[in-house]
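Chain order of the listed sequences is A and B.
With the first sequence counted from 1, adding 2 to any position gets you this note's numbering.
With the second sequence counted from 1, adding 571 to any position gets you this note's numbering.
From the three backbone atoms N, C-alpha and C, an ideal C-beta is built for every residue, glycine too.
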Amino acid sequence: MKDYFFLAFNNLKRRKLRSWLTMVGIFIGIAAVVALISLGQGLQNAIEEQFEQLGSDKIIIQPRGMMAPGSATGSLKLTSKDLKVIEGVRGVEYASGYLIKQGQAKYKGEAGIGFATGLTEIDFERMMEMAGLEVIDGRGLKDEDKFKVVVGYDHIYGDTWEKSLQIGSTIEIENHDFKVIGVVSKIGNPIDDNLLYVSKDILKEILDVEDEESQILVKTAAGFDPVKVAETIERKLRNLRGEKEGQETFSVQTSEQLLESFSNIFGIVQAVLVGIAAISLLVGGIGIMNTMYTSVLERTKEIGTMKAVGAKNSDILFIFLFESGLLGLVGGAIGIGIGIGLGKGAEYIASTALGTDLLQAAFPWYLIGGPYYFLF
Amino acid sequence: MKQTIIKLDNVHKDYKMGDSIVQAVEGIDLEIKKGDFIVIIGPSGSGKSTMMNMVGALDLATKGDIFLDGQNIEHLEESKLAQIRGRKIGFVFQTFNLIPTLTALENITLPMIFQGVDRDERIKRAEKILENVRLSHRKNHLPNELSGGERQRVAIGRALANDPEVILADEPTGNLDTKTGAEIMKLFKDLNKKGKTIILVTHDINLLNHAQKILKIQDGRIVKHGK
């Protein structure tokens, strides 16, 4: 065995350039697969983690983005009337309505676009609790706060602004001055870490919004099935808004359903990406086949000699198998290395979701096996 | 009475060339005794190489039987044939056919690898053989660093690796100058004196005086036996 290995290694060494090129083909394929799988897996983990923090007892009610023909725009929005009805449903511990709006923000002459969320004191506290957040400096939002703002983590510790905000600085939101009174702990995604938390009434006033809730978040009371409660909410809202089943202008989803629909979409995207990477792996495998085929052709005489000195067909097969296996193994190892590097690099650049590498170890061994199968 | 080592019994070999069938060997009967030094001559295309390949178990006869050391090799499976080639026969070729990636020493150990000889024993034997072909000083050189005569000596060394009964040499001096060729022939004669059976194919008539027995082959048949 060791001797076959030695002979195979010798043969590869003789054709250094060709061996290298073949390996490049392999490791590009494997690197692509590893990087995409690890990043995809990392992203999925990050999403799941955030949902886990939210807990499985939550129900999210949102207006549907799609408009049914003929229906008035007004009825698409969720309003405080909807919120009232939801609060009355059995099994609802509490319901919080948030207003989330995009607006112009300005600080020290630097302009930016900010997502502002308007909420009441009690909803602010519930949000902190549900998302597992806390106010790490300054204080939280109070009902009596008028032109005050609690900011997301990145406003003070991140790079939202060139000159970072401080507790006590003044920031301009939609041409109104707001005083920064507190900062919230890091969530881990740039949208949430850039939020501006302000009083709901003030946000409505400065943006000239009437009665509107962008999102209603419900916590199911202990002992109630969130799915059942969600069904009741859907029925009641349908009655209130006079809509037919299947044509609702709103959606009611439990946090688990939401996660599921996220995962479904994500699974498709991932399958496509891995499919593309698999093609490059296949091309690499064909590269090995081609290299081995030409080397068998150009060595027919050598094979004849080996047979003349007593090599069995199986001995020769082994030597060639070792050669292709070595190409696959080394190419695969380099590919995994580069793939992990790419994954980490992308993770660093995106610096949003963490790319965990847990899945990698298992996958590439299977992928390395591929070239062996390809050949014979 | 010397023991018979190779016996050919009405051996035929046909090749398909497109639509027609070429009869390369047309019924050869031959008996070779242990310790013989036989030179086979004949024009190219006469079937002498074909016959050599069949004696060396590289090729099977279309018809007839070949006995090697009493064993009929025409009905053996491929792995058995490989073993016979490795153990009982040593090949020497006109173009040396050394493995270019292996050193002189490694080339000689190659046949032993396929017989499962362990590494230390292999190297010990190969060094002894290199001494016999007077190449000890070149043992770590690759074939393309050796002269033609040296390469052929390595090839002879490789043929001797598993201490075979028979050495088949197909035009071993064909690619060498006269002086080196004579050296190689001397090597074969020495081996023959030590008891090896040697079958040598050539069309160089100068080599004939080395032979104990000369066979002339023409059109796939033996046309002349003699000294």
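Taking a contact to mean a Cβ-Cβ separation below 7 Å, would you say glycine 140 (chain A) touches glycine 184 (chain A) in this structure?
Here residue 140 (chain A) corresponds to residue number 138 of the first sequence, with the count starting at 1. Here residue 184 (chain A) corresponds to residue number 182 of the first sequence, with the count starting at 1. It is a contact, given that the beta carbons lie within the stated cut-off.
Who are the neighbours of phenylalanine 638 (chain B) on chain A, taking C-beta pairs under 8 Å?
Walking along the second sequence from the start, residue 638 (chain B) turns up at place 67. None at all; the shortest Cβ gap to chain A is about 19 Å.
Extent of the continuous beta strand (DSSP E) run through serine 257 (chain A)
For the purposes of this step, residue 257 (chain A) is taken as residue 255 along the first sequence, with counting starting at 1. Run containing serine 257 (chain A): none in the beta strand (DSSP E); it sits in the alpha helix (DSSP H), 257-300.
Taking CB distances under 7 Å as the criterion, tell me whether arginine 301 (chain A) reaches chain B.
Position 299 of the first sequence, counting from 1, holds the residue named residue 301 (chain A). Arginine 301 (chain A) does not count as touching chain B.
Residues sharing a beta bridge with proline 65 (chain A), DSSP:
By 1-based counting over the first sequence, the position of residue 65 (chain A) is 63. In DSSP, proline 65 (chain A) forms a bridge with A:Phe252.
Please classify tyrosine 100 (chain A): is it buried, with 16 or more other beta-carbons within 10 angstroms of its beta-carbon, or exposed?
Taking the first residue of the first sequence as position 1, residue 100 (chain A) is located at position 98. It counts as buried.
Backbone CA spacing between isoleucine 88 (chain A) and glycine 114 (chain A) [nearest angstrom]:
For this step, residue 88 (chain A) is matched to residue 86 along the first sequence. For this step, residue 114 (chain A) is matched to residue 112 along the first sequence. So the alpha carbons of these two residues sit roughly 36 Å apart.
Do leucine 762 (chain B) and lysine 710 (chain B) count as a contact pair if the criterion is CB distance below 7 Å?
Here residue 710 (chain B) is taken as the residue at index 139 of the second sequence, counted from 1. Here residue 762 (chain B) is taken as the residue at index 191 of the second sequence, counted from 1. Cβ atoms of lysine 710 (chain B) and leucine 762 (chain B): not closer than 7 Å.
Residue range of the beta strand (DSSP E) that includes leucine 198 (chain A):
The residue given as residue 198 (chain A) occupies position 196 in the first sequence. That run of the beta strand (DSSP E) goes 198-201.
Thinking C-alpha only, which one of A:Ile208, A:Glu325, A:Ala280, A:Val200 is nearest glutamate 146 (chain A)?
Taking the first sequence and counting its residues from 1, one reaches residue 146 (chain A) at position 144. Glutamate 146 (chain A) has its Cα closest to that of A:Val200, out of A:Ile208, A:Glu325, A:Ala280, A:Val200.
Output needed for isoleucine 169 (chain A): all residues of its chain with C-beta closer than 8 Å, excluding positions within five of it in sequence on either side, in chain order.
By one-based count along the first sequence, residue 169 (chain A) stands at place 167. Cβ within range, chain order: Asp139, Gly140, Ile158, Val182, Ile183, Gly184, Val185.
Can you look up serine 171 (chain A) in the DSSP assignment and give me helix, strand or coil?
As a working mapping, residue 171 (chain A) is identified with position 169 in the first sequence. Three-state DSSP puts serine 171 (chain A) in coil, outside helix and strand.
Start and end of the alpha helix (DSSP H) containing tyrosine 155 (chain A)?
Within the first sequence, the letter at position 153 stands for residue 155 (chain A). It spans 155-158 - the alpha helix (DSSP H) in which tyrosine 155 (chain A) sits, taken as one unbroken run.
Three-pair Cβ contact test at 8 Å for the stretch 625-641 of chain B versus the stretch 282-295 of chain A:
no
4 or more residues per run - each alpha helix (DSSP H) lying fully within the stretch 83-137 of chain A
123-132
Please classify arginine 792 (chain B): does DSSP put it in a helix, a strand, or coil?
In the second sequence, residue 792 (chain B) corresponds to position 221, counting from 1. Residue state, collapsed to three classes: strand.
Determine, for isoleucine 603 (chain B), whether the minimum Cβ-Cβ distance to residues of chain A falls below 7 Å.
Residue numbering aside, residue 603 (chain B) sits at position 32 when the second sequence is read from its first letter. No, isoleucine 603 (chain B) does not count as interfacial toward chain A.
Exposed or buried, what is methionine 756 (chain B) when buried is set at 16 or more other beta-carbons lying within 10 Å of its beta-carbon?
Position 185 of the second sequence holds residue 756 (chain B). The residue is buried, with at least 16 neighbouring Cβ atoms inside 10 Å.
Report the partner residues of histidine 814 (chain B) according to the DSSP bridge assignment.
Limits of chain B in this structure are 572 at one end and 798 at the other, which puts residue 814 (chain B) out of reach.
Straight-line gap, aspartate 580 (chain B) to phenylalanine 638 (chain B) (C-alpha atoms, nearest Å):
In the second sequence, counting from the first residue as 1, residue 580 (chain B) sits at position 9. In the second sequence, counting from the first residue as 1, residue 638 (chain B) sits at position 67. Going from the Cα of aspartate 580 (chain B) to the Cα of phenylalanine 638 (chain B) covers about 8 Å.
Tell me whether the beta-carbon of proline 228 (chain A) lies closer than 7 Å to the beta-carbon of isoleucine 124 (chain A).
Here residue 228 (chain A) refers to the residue found at position 226 of the first sequence. Here residue 124 (chain A) refers to the residue found at position 122 of the first sequence. No, they are not a contact pair.
Against chain B, with Cβ distances strictly below 7 Å, would serine 21 (chain A) count as a contact?
Looking up residue 21 (chain A) in the first sequence gives position 19. Closer than 7 Å: no.
Take every Cβ of the stretch 681-689 of chain B, pair it with every Cβ of the stretch 728-739 of chain B, and state whether three or more of those distances are shorter than 8 Å.
yes
Does the beta-carbon of aspartate 156 (chain A) have 16 or more other beta-carbons within 10 angstroms, so that it is buried, or is it exposed?
Counting from 1 along the first sequence, the entry for residue 156 (chain A) is found at position 154. Its Cβ being crowded by 16 or more others within 10 Å, aspartate 156 (chain A) is buried.
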